[in-house]
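Counting the first sequence from 1 gives a position; the working numbering is that position plus 1.
Glycine included, each C-beta is placed from N, C-alpha and C at the ideal position.
Predicted, not measured: the structure shown is a model, and the values here were computed from it.
Working notes, beginning with the structure itself.
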Amino acid sequence: MTTAVADLFTLPVVELARALVGCRLLVDGVGGTIVETEAYHAGDPASHSFAGPRPRTAAMFGAAGHAYVYRSYGLHWCMNVVGGAETAAAVLLRAIEPTDGMERMAARRGLDDPRLLCAGPGRLCQALGITGALDGAPLDAAPFALLPRTAAPAIVTGSRIGITKAMDEPWRFAVPGSRFLSRPMRIGRPAGG
DNA sequence: CCGCTGATAATCT
DNA sequence: GATTATCAGCGGA
């Protein structure tokens with residue numbers, strides 16, 4: 002038995018977020034390799050689950066291995082992978098390197114540049130066709146496919162984006178130097194100033 | 001490259 | 001009424 006993605010869901014959510022970088026996500030065969038994630042959990046003031054269960058966040062309090070999809074700023078959809086050892090934990094998918102169904106993604110996004118297809122949580126949901134209809138859907142069944150890594154990628158850590166609380170927690174993970182990130186990763190301070 | 005700002009709706013005060 | 005796990009378009013450097 003090789004390592005299945007499901008085996009990762011019981012890890013602490015910060016480790017799950019790290020482990021999902023390099024995995025592949027497809028929706029109806031469209032998607033690519035996850036290159037940027039962030040971890041959230043119920044003890045984290047920046048998390049949607051911090052205030053306790055709500056109608057919108059029900060999926061985050063539900064079973065691991067399912068999607069938590071919510072609307073952001075009234076306009077965009079954002080997708081999380083529910084899982085982690087903590088209560089109501091999930092990993093926000095922030096960027097994907099598109100590999101499968103490029104034409105479908107370009108059509109949905111109204112763009113040509115592969116760099117901009119999935120570079121951001123709202124963008125990747127638009128490109129893969131993820132909406133609130135998939136909130137709570139299991140990731141091991143159609144239309145989803147969440148596939149394990151074939152090799153361990155290089156990964157760097159940083160602060161999460163777009164939050165106003167717990168801003169210093171280093172719970173953002175990304176492939177260093179990837180051209181498909183939502184925003185560049187802040188590299189370590191230059192040696193010698 | 002950078003910063004500013006409007007769009008738009010669920011949630012919270 | 002304010003805030004929010006965002007994005008695109010714009011203008012200036």
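Query raised in the report: In whole angstroms, what is the alpha-carbon distance linking Gly130 and Pro122?
Result: 12 Å
**Report entry** Gly30 to Leu76 span [Cα, whole Å]
**Finding:** 25 Å
Report task. Assuming Met61 and Tyr69 form a contact by the criterion Cβ under 8 Å, report the distance between their Cβ atoms to the nearest whole angstrom. Result -> 5 Å
Requested in this report: May I have the straight-line CA-CA distance separating Ala65 from Leu112, to the nearest angstrom?
Outcome: 33 Å
Requested in this report: On a CA-only basis, which of Ala120, Ala90, Thr158 is nearest Pro54? Give me that one, please.
Outcome: Ala90
Requested in this report: Could you tell me which residues DSSP puts in a beta bridge with Leu93?
Outcome: Glu39, Asn81
Query raised in the report: What's the gap between the Cα of Pro144 and the Cα of Pro185?
Result: 30 Å
Query raised in the report: Where do the ends of the beta strand (DSSP E) carrying Ala20 lie?
Result: No beta strand (DSSP E) holds Ala20; the alpha helix (DSSP H) holding it covers 14-21.
Requested in this report: Please confirm whether Leu140 and Leu148 have their CB atoms less than 8 Å apart.
Outcome: no
Query - Three-state secondary structure assigned by DSSP to Pro139 - result: strand
**Report entry** Nonlocal neighbours in the same chain, by C-beta distance under 8 Å from Gly193, ignoring five residues either side
**Finding:** Reliability fails at Gly193, whose pLDDT of 31 lies under 50, so the model's placement of it is uncertain and no value is given.
Query raised in the report: Do Arg124 and Thr38 have their CB atoms nearer than 8 Å?
Result: no
Query raised in the report: Is the beta carbon of Val83 sitting closer than 8 Å to the one on Gly102?
Result: no
Requested in this report: Check whether the Cβ atoms of Ile164 and Ser183 sit closer than 8 Å, and answer yes or no.
Outcome: no
Requested in this report: Alpha carbon to alpha carbon, how far is Thr151 from Asp45? Give it in angstroms, no decimals.
Outcome: 31 Å
**Report entry** Three-state secondary structure assigned by DSSP to Val176
**Finding:** coil
**Report entry** In chain order, each beta strand (DSSP E) run of at least 3 residues that lies wholly inside the segment 112-159
**Finding:** 145-148, 157-159
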